[in-house]
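Okay, so here's the structure we're looking at.
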Amino acid sequence: MDAMVVTGGCRLKGRVRASGAKNAALPIMAASILAEGPMRLKNVPDLMDIRTMARLLGQLGVRVEREESSGDLLLESRSERRSVAPYSIMRTMRAGICVLGPLVARRGFAEVSLPGGCAIGDRPVDLHLKGLRALGARLDIKHGYIVARCRRLRGTEMYLGGPFGSTVTGTANVLMAAVLAKGQTVIESAACEPEVQDLARLLVKMGADIQGIGSPRLVVEGVDGLGGAEHTIIPDRIEAGTLLMAGAATGGDVVVEGARWNDLFALVHVLRDAGAVVEHFDDTIRVRARGTLRSVDVTTLPFPGFPTDLQAQAMAMLTKADGISVITEKIYPDRFMHVAELGRMGARIRKEGNAAVVHGTRRLSGAPVMASDLRASAALVIAGLMAEGRTTISRIYHLDRGYERIERKLAALGATIRRVKEK
Ligand code: EPZ
54 MDAMVVTGGC
64 RLKGRVRASG
74 AKNAALPIMA
84 ASILAEGPMR
94 LKNVPDLMDI
104 RTMARLLGQL
114 GVRVEREESS
124 GDLLLESRSE
134 RRSVAPYSIM
144 RTMRAGICVL
154 GPLVARRGFA
164 EVSLPGGCAI
174 GDRPVDLHLK
184 GLRALGARLD
194 IKHGYIVARC
204 RRLRGTEMYL
214 GGPFGSTVTG
224 TANVLMAAVL
234 AKGQTVIESA
244 ACEPEVQDLA
254 RLLVKMGADI
264 QGIGSPRLVV
274 EGVDGLGGAE
284 HTIIPDRIEA
294 GTLLMAGAAT
304 GGDVVVEGAR
314 WNDLFALVHV
324 LRDAGAVVEH
334 FDDTIRVRAR
344 GTLRSVDVTT
354 LPFPGFPTDL
364 QAQAMAMLTK
374 ADGISVITEK
384 IYPDRFMHVA
394 ELGRMGARIR
404 KEGNAAVVHG
414 TRRLSGAPVM
424 ASDLRASAAL
434 VIAGLMAEGR
444 TTISRIYHLD
454 RGYERIERKL
464 AALGATIRRV
474 KEK
């Protein structure tokens with residue numbers, strides 16, 4: 054297993070480019086099940102989760118290939134005989150659930166393993182099932198699998214909000230089913246995240262009729278079939294946000310290309326409240342910070358609120374801010390695995406229910422720490438860059454699930470960071 058060794062104390066400076074968005078690419082890849090022709094996807098990041106989704110689609114009769122010359126991902130549904138998404142794959146990547154809607158809509162049958170436990174807390178799929186049932190699918194849970202059957206789905210009105218707001222992959226799943234349903238479907242309380250918008254745009258290119266993209270009310274007129282399409286995946290706002298916070302946390306001057314201002318508005322405000330200077334030109338954002346940041350309160354919310362996928366990184370950044378920051382998690386109330394590890398580096402953080410109170414401290418010191426999940430790993434990298442001495446982060450396979458060669462990007466900004474084999 055690999056570990057990451059970070060030596061802190063340097064101010065990041067320079068320009069990097071964010072890769073394509075993992076969380077846009079995963080459901081978009083699943084949409085290939087719906088297509089009657091080939092799909093070409095550009096700007097798909099080269100990540101473990103993408104390879105896992107390719108493997109899952111392979112099991113479902115979709116040919117997935119990375120074209121060497123262009124780096125594009127080519128997908129084509131070749132056989133509709135196998136519609137089983139096995140536990141062996143689903144337990145490693147929850148986004149595999151996104152094949153459920155397309156399988157039901159296109160093939161009328163699916164057996165998809167329930168995804169299983171997750172370090173960031175409870176992650177039910179009841180809203181996915183609610184939406185698909187509303188469209189007329191018969192769903193049973195048997196031996197850990199969702200077994201789905203239907204004839205042609207039928208359009209209907211549904212409310213997809215849950216106790217923590219809208220659901221991102223739930224909206225994706227139901228949308229991918231509704232596009233082939235007979236008649237009109239109205240999805241109220243749909244997720245508005247840029248990744249859902251990107252999926253909807255791809256579906257429109259394939260021939261779907263979707264109104265209200267980017268709003269919480271999606272209106273879909275079902276069509277009889279969908280063709281292939283070519284699509285460029287949006288840049289990864291979470292990776293871009295992570296790099297921007299790494300820049301601010303180290304008192305640096307960092308320019309991130311592929312950082313869309315409208316996708317990162319909530320973060321921009323947090324950075325500015327913390328005292329950083331943030332500017333943008335087209336899809337490029339520059340952050341500059343000097344000296345100690347100020348404390349800021351951060352509350353995670355569905356888009357356009359502050360993303361839960363940047364909460365851990367924001368906490369790391371604020372560990373050395375002047376004053377007390379309260380970080381409230383409204384999407385995943387238990388997503389605080391990073392608190393204890395940051396504490397091992399000298400951070401003063403007290404967890405209180407779904408909030409963490411961060412007392413800014415003047416110094417962090419490098420320590421051996423352990424990654425618990427994808428974004429917690431990114432937070433530990435940021436903390437390592439801010440700390441005195443050396444931090445060794447083990448179990449970085451979590452990091453590799455969502456960040457494409459992050460050590461190279463950070464090294465290009467002047468960070469002292471390297472990947473080593475763990476003994
Ligand atoms: C997506 O997960 C992302 N994953 C997550 O990113 C992200 O943290 C999350 O959205 C929230 O933004 C992908 O896009 C592949 P949700 P998803 O359904 O869709 C509750 C990362 O680090 N809920 O929007 O699974 C749920 O428990 C990952 O890249 C229900 O109650 O999240 C949570 O409290 C981690 N019932 C809230 O809704 C349901 O049926 C939002 O979850 C579904 C969800």
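Take 54 as the starting number for the sequence shown in this note's numbering and just add one per residue. Idealized CB from N, CA, C, for every residue including glycine. Note that this is a predicted model, so its numbers are computed, not measured.
Worksheet item: Mind checking whether the beta-carbon of ASN226 lies closer than 6 angstroms to any heavy atom of the ligand EPZ?
Response: Walking along the sequence shown from the start, residue 226 turns up at place 173. ASN226 Cβ: outside cutoff for every heavy atom of the ligand EPZ.
Worksheet item: According to the neighbour-count rule (16 or more other Cβ atoms, all chains shown, within 10 Å of its Cβ), is PRO216 buried or exposed?
Response: Within the sequence shown, numbered from 1, the residue matching residue 216 stands at position 163. By the neighbour-count definition (other C-beta atoms within 10 Å, threshold 16), PRO216 is an exposed residue.
Worksheet item: Looking only at C-alpha atoms, which of ARG104, LEU127 and ALA369 sits nearest to GLY90?
Response: Indexing the sequence shown from 1 puts residue 90 at position 37. Looking at ARG104, LEU127 and ALA369, the one whose alpha-carbon comes closest to that of GLY90 is LEU127.
Worksheet item: Cβ atoms of GLU210 and VAL178: under 7 angstroms apart, would you say?
Response: Here the question's residue 178 lines up with position 125 in the sequence shown. Here the question's residue 210 lines up with position 157 in the sequence shown. No Cβ-Cβ contact shorter than 7 angstroms links VAL178 with GLU210.
Worksheet entry | Start-to-end residues for the alpha helix (DSSP H) that takes in ILE81 | The count along the sequence shown starts at 1 and reaches residue 81 at position 28. Judged by DSSP secondary structure, ILE81 falls within the alpha helix (DSSP H) whose first and last residues are 75-83.
Worksheet item: Touching or not, the stretch 459-474 and the stretch 59-70, by the rule of three or more beta carbon pairs under 8 angstroms?
Response: The stretch 459-474 vs the stretch 59-70: in contact.
Discussion item. Please report the distance separating the alpha-carbon of GLN237 from that of LEU228.
Written reply: For the purposes of this step, residue 237 is identified with residue 184 of the sequence shown, where counting begins at 1. For the purposes of this step, residue 228 is identified with residue 175 of the sequence shown, where counting begins at 1. Taking C-alpha positions only, GLN237 is separated from LEU228 by approximately 12 angstroms.
Fill in: Which residues DSSP lists as bridging GLN264, in chain order
The sequence position of residue 264 within the sequence shown is 211, counting from 1. VAL272, per the DSSP bridge assignment.
Discussion item. Quick check on this structure: which residue in MET82, LYS66, ARG68 and ARG472 has the alpha carbon closest to the alpha carbon of MET259?
Written reply: Position 206 of the sequence shown holds residue 259. Closest by C-alpha distance to MET259, out of MET82, LYS66, ARG68 and ARG472, is MET82.
Worksheet item: Leaving out five residues before and five after LEU167 in sequence, what residues of the same chain have Cβ atoms less than 6 angstroms from its Cβ?
Response: By 1-based counting over the sequence shown, the position of residue 167 is 114. Cβ neighbours of LEU167 beyond the five flanking positions: GLY197.
Discussion item. How far does the beta strand (DSSP E) with SER378 in it extend, from its first residue to its last?
Written reply: As a working mapping, residue 378 is identified with position 325 in the sequence shown. 377-381 is the span of the beta strand (DSSP E), which, as asked, contains SER378.
Worksheet item: Which word fits SER552, buried or exposed, when buried means at least 16 other C-beta atoms lie within 10 angstroms of its C-beta?
Response: The chain is shown from 54 up to 476; residue 552 falls before or after that span and cannot be answered.
Item to complete: Flag this pair as yes or no: are the beta carbons of THR352 and THR381 separated by less than 7 angstroms?
Response: Translated into positions along the sequence shown, residue 352 becomes position 299. Translated into positions along the sequence shown, residue 381 becomes position 328. In contact: THR352 and THR381 (Cβ atoms closer than 7 angstroms).
Fill in: Where ARG204 falls, given that 16 or more other Cβ within 10 Å makes a residue buried
One-based indexing of the sequence shown puts residue 204 at position 151. Exposed, because fewer than 16 other Cβ atoms sit within 10 Å of the Cβ of ARG204.
Worksheet item: Sorry if obvious, but does the Cβ on ILE384 come closer than 6 angstroms to a heavy atom of the ligand EPZ?
Response: Within the sequence shown, the letter at position 331 stands for residue 384. Checking every heavy atom of the ligand EPZ against the Cβ of ILE384, one is found closer than 6 angstroms.
Worksheet item: Around the Cβ of SER141, are there at least 16 other Cβ atoms within 10 angstroms (buried) or fewer (exposed)?
Response: Residue numbering aside, residue 141 sits at position 88 when the sequence shown is read from its first letter. Classification of SER141: exposed, given that the 10 Å Cβ count is below 16.
Fill in: With 16 other Cβ atoms within 10 Å as the buried cut-off, status of TYR456
Here residue 456 refers to the residue found at position 403 of the sequence shown. Taking all protein chains in view, the Cβ of TYR456 is crowded by 16 or more other Cβ atoms within 10 Å, so the residue is classified as buried.
Worksheet item: Is any heavy atom in the ligand EPZ found nearer than 6 angstroms to the beta carbon of ASN76?
Response: Looking up residue 76 in the sequence shown gives position 23. Checking the 6 angstroms criterion, the Cβ of ASN76 is within range of a heavy atom belonging to the ligand EPZ.
Discussion item. Three Cβ pairs or more, each shorter than 8 angstroms: is that satisfied between the stretch 270-280 and the stretch 97-110?
Written reply: As far as the Cβ criterion goes, the stretch 270-280 does not touch the stretch 97-110, which means the pair count is below three.
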